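Protein chains in written order, with the working numbering: chain V, 9 to 208; chain L, 1165 to 1355. Beneath this line is the structure, given in structure tokens, with notes to follow.
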Amino acid sequence: MATTINQKQNFLKGIIKENPVFVMLLGMCPTLGVTSSAMNGLGMGVATLFVLLMSNIVVSLVKKQIPAKVRIPAFIIIIASFVTIVEMILEAFIPFLYEQLGIFIPLIVVNCLILGRAEAFASKQNLYSSVIDALGMGIGFVLALTFLGATREILGNGSLFEMKFVAENANTFILFILPPGAFIALAYLAAVFNKLTIKT
Amino acid sequence: MDYIIILIAAVFVNNIVLAQFLGICPFFGVSNKVSTSVGMSGAVLFVMTIATMVTYLLHQYVLVPTGLMYLRTITFILVIAALVQMVEIILKKVSPSLYQALGVFLPLITTNCAVLGVAILALGMENASLLKATFFAVANSIGFALALILFASIREHLELADIPKGMKGVPINLLVAGLLSLAFLGFTGLV
Chain V
9 MATTINQKQN FLKGIIKENP VFVMLLGMCP TLGVTSSAMN GLGMGVATLF
59 VLLMSNIVVS LVKKQIPAKV RIPAFIIIIA SFVTIVEMIL EAFIPFLYEQ
109 LGIFIPLIVV NCLILGRAEA FASKQNLYSS VIDALGMGIG FVLALTFLGA
159 TREILGNGSL FEMKFVAENA NTFILFILPP GAFIALAYLA AVFNKLTIKT
Chain L
1165 MDYIIILIAA VFVNNIVLAQ FLGICPFFGV SNKVSTSVGM SGAVLFVMTI
1215 ATMVTYLLHQ YVLVPTGLMY LRTITFILVI AALVQMVEII LKKVSPSLYQ
1265 ALGVFLPLIT TNCAVLGVAI LALGMENASL LKATFFAVAN SIGFALALIL
1315 FASIREHLEL ADIPKGMKGV PINLLVAGLL SLAFLGFTGL V
């Protein structure tokens, strides 16, 4: 069964067809909460990618040892351990990002995307497929967050990755870096994504 | 006075869903009917209050004295998961109809970032105390309930609206949430 999976499709599904943000609506809290700039979106995406990859690996390795009844708590502990590692690494090496992302770092633990993949995929498939699945989903998440962050930063601040390309005192749509802008920007991006995926 | 400020700040100014983006999953998931959103709000109120009390005590009297603060995330999520299980068992026994209505979303309170988020935010309050942390949790769940019920009432009307094809479903819901959030932005500077 596991060998019949086409690994290329397995990888690509996370990026387009089952994109965690635009299609599956998983992990919405960090998606909306931290994407006020492209840099924050990228940082959050990579942190989530790391946790997703590691937890998928571990879950797939120990799936036979975990009794079915306590699998969810067991998955949560595995995920929480990796989140703690990410938290400590960020605090030590990238304090700027640690400050910016704030409460959303410990909240990676309750990102439905990670638990969802552990439950729906890694607990049923072999190690190799799980790694590919985590990479596909994780990269899809990173791309979506960076893209949303970039959109909001360009519209709201007139800059991209902190490089300003409008005049210092130019009027920008400040709304887009405020909370309502997150919902509105994602609404239109999701509509565009709908349109594109329905056609193909 | 402190407590009134906490209440207004949590419900209107820093609304947990519309300004802080915590608890977005149930916000979109169980908001198609007002009745279910009321039930969900009740469940969140209950879980969030108890979870914040327990995690606050745990942090203050176990993790801090033993210097194990880095275990915060793991312990908190375990406490919340256990509590949700408990609420599920109680609800199943006491109110089967509500249990039916909430269905799949009750276990999902575990992964409701609002619960864990408030538990962590409560630790960072100025001269925090158990009473203050508990009150903070209650205020935030009222904020959550307000946002959820408002949103559900609007969504009930959306079913009759003529919406462009591409905007149907997710995009229009996000847009409505954005407009609600915009309205709540008007409360900035209230406290």
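No residue lacks a Cβ here, since even glycine has one placed at the ideal position from N, Cα and C. All of these numbers come straight from a predicted model, not from anything done at the bench.
query: What residues from chain V crowd round residue 1192 of chain L, counting only those whose CB sits closer than 8 Å?
result: As a first step, residue 1192 of chain L must be located in the second sequence, where it is residue number 28. Per Cβ cutoff of 8 Å: 33, 36.
message: Check this for me: beta carbons of residue 1309 of chain L and residue 1215 of chain L, under 8 Å apart or not?
response: As a first step, residue 1309 of chain L is located in the second sequence; it is residue number 145 there, counting from the start. As a first step, residue 1215 of chain L is located in the second sequence; it is residue number 51 there, counting from the start. Contact check for residue 1309 of chain L against residue 1215 of chain L fails: the beta carbons are separated by 8 Å or more.
- request: Mind the definition here: the region 171-188 of chain V touches the region 13-30 of chain V only if three or more C-beta pairs lie below 8 Å; say whether that holds.
  value: no
message: Let me make sure I understand the geometry here. Which of L/1329, L/1280, L/1222, L/1249 has the alpha-carbon closest to that of residue 112 of chain V?
response: Counting from one through the first sequence, the residue named residue 112 of chain V turns up at place 104. Comparing Cα positions, the closest option is L/1280.
- prompt: With C-beta atoms as the reference, is residue 1315 of chain L less than 8 Å away from residue 1191 of chain L?
  reply: Locating residue 1315 of chain L in the second sequence gives position 151, where the first residue counts as 1. Locating residue 1191 of chain L in the second sequence gives position 27, where the first residue counts as 1. Closer than 8 Å, so yes.
message: In whole angstroms, give me the CA-to-CA distance for residue 54 of chain V and residue 1257 of chain L.
response: Within the first sequence, the letter at position 46 stands for residue 54 of chain V. Within the second sequence, the letter at position 93 stands for residue 1257 of chain L. Linking residue 54 of chain V to residue 1257 of chain L through their CA atoms gives a straight-line distance of about 43 Å.
message: Which of the three DSSP states is assigned to residue 1232 of chain L in this structure?
response: As a working note, residue 1232 of chain L is residue 68 in the second sequence. Residue state, collapsed to three classes: coil.
Whole-angstrom distance between residue 1226 of chain L and residue 1335 of chain L, CA atom to CA atom: Walking along the second sequence from the start, residue 1335 of chain L turns up at place 171. Walking along the second sequence from the start, residue 1226 of chain L turns up at place 62. Between residue 1335 of chain L and residue 1226 of chain L, the C-alpha separation is close to 45 Å.
- prompt: Quick one: does the C-beta of residue 20 of chain V sit closer than 7 Å to a heavy atom of the ligand HEM?
  reply: You won't find the ligand HEM in this model; it holds no ligand whatsoever.
Contact residues within the region 1305-1334 of chain L, judged by C-beta distance below 7 Å to chain V: 1330, 1331, 1334
query: For the 8 Å Cβ check, are there 3 or more pairs between the region 67-75 of chain V and the region 1202-1214 of chain L?
result: No, because fewer than three Cβ pairs between the region 67-75 of chain V and the region 1202-1214 of chain L fall closer than 8 Å, the two stretches do not touch.
query: Excluding sequence positions up to five away, which residues of its chain have a Cβ less than 6 Å from the Cβ of residue 1219 of chain L?
result: Taking the first residue of the second sequence as position 1, residue 1219 of chain L is located at position 55. Closer than 6 Å at the Cβ level, and outside the excluded window around residue 1219 of chain L, lie 1240, 1243, 1283.
query: Nearest-angstrom Cα distance between residue 200 of chain V and residue 1351 of chain L?
result: Stepping through the first sequence from its first residue, residue 200 of chain V is reached at position 192. Stepping through the second sequence from its first residue, residue 1351 of chain L is reached at position 187. Taking the straight line from one Cα to the other gives about 32 Å.
query: With residue 60 of chain V and residue 142 of chain V assumed to form a contact (beta carbons below 8 Å), what rounded beta-carbon distance in angstroms separates them?
result: Along the first sequence, one-based indexing puts residue 60 of chain V at 52. Along the first sequence, one-based indexing puts residue 142 of chain V at 134. With 8 Å as the limit, residue 60 of chain V and residue 142 of chain V qualify as a contact, their Cβ atoms being about 5 Å apart.
Every unbroken alpha helix (DSSP H) within the region 1167-1235 of chain L, with a cutoff of 4 residues, ordered by chain: 1188-1193, 1198-1222
- request: Output the distance between the C-alpha atoms of residue 1202 of chain L and residue 1313 of chain L, rounded to the nearest integer angstrom.
  value: Position 38 of the second sequence, counted from the first residue, corresponds to residue 1202 of chain L. Position 149 of the second sequence, counted from the first residue, corresponds to residue 1313 of chain L. If I take the Cα positions, the gap works out to 7 Å.
field: Exposed unless 16 or more other CB atoms sit within 10 angstroms - verdict on residue 161 of chain V
entry: As a first step, residue 161 of chain V must be located in the first sequence, where it is residue number 153. By the neighbour-count rule (16 or more Cβ atoms within 10 Å), residue 161 of chain V is buried.
Nearest to residue 1273 of chain L (by Cα), restricted to the options L/1167, L/1186, L/1170: Position 109 of the second sequence, counting from 1, holds the residue named residue 1273 of chain L. Proximity to residue 1273 of chain L across L/1167, L/1186, L/1170 peaks at L/1186, based on C-alpha coordinates.
- prompt: How would you label residue 1184 of chain L, buried or exposed, when you count the other beta carbons within 10 angstroms and need 16 or more for buried?
  reply: As a position in the second sequence, residue 1184 of chain L is number 20, starting the count at 1. Buried, since its Cβ has 16 or more Cβ neighbours within 10 Å.
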